[in-house]
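**Q** One structure is given below, represented as structure tokens, and several questions about it will come after.
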Amino acid sequence: MKEIDARRLLCPMPVIRLQEAACQMPPGEEIKMICTDPGVMSDIPAWCKVHGHRVVQAEETHGEYHLVVRLQ
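For the numbering used here, count along the sequence shown from 1 and bump the result up by 1210.
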């Protein structure tokens, strides 16, 4: 599982980092995002819907947002 530290980045940068990583990985792989911008809780699921991927985990812990995206 690839991990992307997008803390202190504002949208759309976390989504751009996710897109860059997804282009280099095969279907079935997972990407864990760690973010501090609360907008990712809606932006990343929307990006996944457009591109056919799935958010398999999304949680907020101590002001950080952790999302796991499974590439399809």
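Every residue, glycine too, gets a C-beta built ideally from N, C-alpha and C.
Predicted, not measured: the structure shown is a model, and the values here were computed from it.
1. Taking all protein chains shown into account, do 16 or more other C-beta atoms lie within 10 angstroms of the C-beta of Cys1258, making it buried, or fewer, making it exposed?
2. Alpha carbon to alpha carbon, how far is Gly1262 from His1272?
3. Quick one: Cα of Val1225 to Cα of Glu1274, how far?
4. Going by Cα to Cα distance, which pick from Glu1269, Leu1219, Val1265 is closest to Glu1240?
5. DSSP three-state label for His1261, please.
**A** Judging by the given coordinates:
1. So Cys1258 counts as buried.
2. 30 Å
3. 16 Å
4. Val1265
5. Note: His1261 maps to helix in three-state DSSP.
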